[in-house]
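Q: Numbering (UniProt numbering), first residue to last: 1 to 133.
All residues carry an ideal CB built from backbone N, CA and C; glycine is no exception.
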């Protein structure tokens, strides 16, 4: 993509999530999840949210069903995007402990959200929720 400002950031020293495989995707042109991401099967933390001090609003409007391939994910941060829903495959992430999707346009959660037995933190603020299973 010519003229985009998508950045890939891999942190080796992270105080918040030490000793975890973490990937942070940033940039004002974040509209789609790169397909190569789903080959990173060891990934434990995936962040596709702008930094707190950033004024960016990302344009990511859907999470592909292939997210279910990342079965080692423990933390998934998708705040401040343009998401309208989450795929049913999110229920395959049985190790997920934290899911943050605040500041999106999510109308309902998939029933498979109940399969996330290790989930202890769920951030849903500032969405358009009409139904929670």
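Can you list, in chain order, the residues of its chain whose CB lies under 8 angstroms from that of residue 84, leaving out five sequence neighbours each side?
A: 61, 62, 104, 105, 106, 107
Q: Please report the Cβ distance between residue 79 and residue 102, rounded to the nearest whole angstrom; I am assuming they are in contact, meaning their Cβ atoms lie under 8 angstroms.
A: 5 angstroms
Q: Could you pull the start and end residues of the beta strand (DSSP E) that residue 141 belongs to?
A: Nothing about residue 141 can be reported from this structure: the residues present for the chain run from 1 to 133 only.
Q: Since I believe residue 49 is in contact with residue 137 (beta carbons under 8 angstroms), could you give me their beta-carbon distance rounded to a whole number of angstroms?
A: The structure shown does not extend to residue 137, since the chain spans only 1 to 133, so no value can be given for it.
Q: Just to confirm my understanding: we take residue 91, look at its own chain, exclude 5 residues before and 5 after, and list those with CB closer than 6 angstroms. What are they?
A: Excluding residues up to 5 positions away in sequence, 112, 115 lie with their Cβ nearer than 6 angstroms to the Cβ of residue 91 in the same chain.
Q: So, with DSSP's three-state summary, where would you put residue 67?
A: helix
Q: What residue range is occupied by the uninterrupted beta strand (DSSP E) comprising residue 123?
A: Looking at the DSSP string, the run of the beta strand (DSSP E) that includes residue 123 is 121-123.
Q: Could you please give the first and the last residue of the uninterrupted beta strand (DSSP E) stretch that includes residue 45?
A: Its beta strand (DSSP E) spans residues 45-47.
Q: Under a Cβ-count criterion, where at least 16 other Cβ atoms within 10 Å of its own Cβ denotes burial, should residue 131 be classed as buried or exposed?
A: exposed
Q: Could you give the distance in angstroms between the alpha-carbon of residue 73 and the alpha-carbon of residue 22?
A: 9 angstroms
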